[in-house]
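S.K.: Mind the numbering: the sequence shown is residues 29 to 166 in the numbering used here, read in order.
Virtual Cβ for every residue (Gly too), placed ideally from N, Cα, C.
Please read these numbers as outputs of a predicted model, since none were measured by experiment.
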Amino acid sequence: MSALNRFMSRGFVPPQVHGVLDYPLAAILIAGPLVFNFDDTAATVIALVFGGGAAVLAVATAWSTGIVKIIPPLVHGYADTVVTVALIVLPFAVGFSDHTPALLFYVIVGGAGLLATLATRFESPKPAAQPMAFRDAA
Numbered sequence: 029m030s031a032l033n034r035f036m037s038r039g040f041v042p043p044q045v046h047g048v049l050d051y052p053l054a055a056i057l058i059a060g061p062l063v064f065n066f067d068d069t070a071a072t073v074i075a076l077v078f079g080g081g082a083a084v085l086a087v088a089t090a091w092s093t094g095i096v097k098i099i100p101p102l103v104h105g106y107a108d109t110v111v112t113v114a115l116i117v118l119p120f121a122v123g124f125s126d127h128t129p130a131l132l133f134y135v136i137v138g139g140a141g142l143l144a145t146l147a148t149r150f151e152s153p154k155p156a157a158q159p160m161a162f163r164d165a166a
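1) Thinking C-beta only, is Leu-85 closer than 9 Å to Asp-50?
2) So what does Ile-99 bridge to, in DSSP terms?
3) Use the C-beta contact count for Thr-128: other C-beta atoms within 10 angstroms, 16 or more gives buried, fewer gives exposed.
4) Let me check one thing: in DSSP terms, what residues is Thr-148 bridge-paired to?
5) Assess contact between the stretch 91-98 and the stretch 31-39, defined as three or more Cβ pairs (one per stretch) separated by less than 8 Å. Is contact present?
6) In the DSSP assignment, find the unbroken alpha helix (DSSP H) run with Phe-35 in it and report its ends.
7) Could you work out which residue in Arg-149, Ala-130, Gly-141 is closest to Asp-67 when comparing CA atoms only?
8) Which one of Ile-99, Val-110, His-104 has the shortest CA to CA distance from Gly-139?
9) Got a sec: is the Cβ-Cβ distance from Val-103 to anything in chain B below 9 Å?
10) With a threshold of 8 Å on Cβ separation, who are the neighbours of Ala-82 within its own chain once the five nearest residues in sequence on each side are excluded?
11) Should Leu-132 be labelled buried (16 or more other beta-carbon atoms within 10 Å of its own) or exposed?
12) In whole angstroms, give me the CA-to-CA distance for Tyr-106 and Thr-69.
13) If I measure Cβ to Cβ from Leu-118 and keep anything under 7 Å in the same chain, skipping five residues before and after, which residues do I get?
14) Could you check the C-alpha separation between Val-63 and Ala-88 for me, to the nearest Å?
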C-alpha cells in the first residue's frame, strides 16, 4: 500500500459517518447558490456541478451508505480532497472573490469538507470469508 493510500486510510471518522454526510453536502452545494443568491454565474454553475458530482459520489461509493457501490472508497477520498481544495481556491482563481456571499460559501464549505475528508478513514469493506474450494482429484 502506498504512503498516500495509508494516509487516506488512517482517519478517525468511520466511513459510515462520512457516507451519511455526503448527502447533505450535495444538497448544500446545490442549494447554496440559490439560497444565497450568488450574483456570479461561474460561482453558481461550479457549485451546482460540484453538488451533482457529490451526489454521484454519495450514491456510487462502495460503502454502507452507497446505493450502486461501484466507486472504491479511496477514489472517493481522492475526489473529495481535490474538490474541497478547489472550492477554497476557485473564488480567487476564477475571479469571484469580490462577491462576499459566494466567497464565504466556497471557503467555509471547502474548508469544512477538507477537514472531514482528512479525518475520514477511507477503507474498502472487508470481503466476506469464502470457504476454501477443493479440486476434484480426477
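M.R.: From the atom records:
1) yes
2) Thr-89
3) exposed
4) Looking at the DSSP output, Thr-148 sits in a beta bridge with Val-41.
5) no
6) 31-36
7) It is Ala-130.
8) Val-110
9) Of the protein chains in the structure, only one exists, and it is not chain B.
10) Asp-50, Leu-53, Ala-54, Leu-57, Val-111
11) exposed
12) Between Tyr-106 and Thr-69, the C-alpha separation is close to 27 Å.
13) Ile-74, Tyr-134
14) Cα-Cα distance, rounded: 27 Å.
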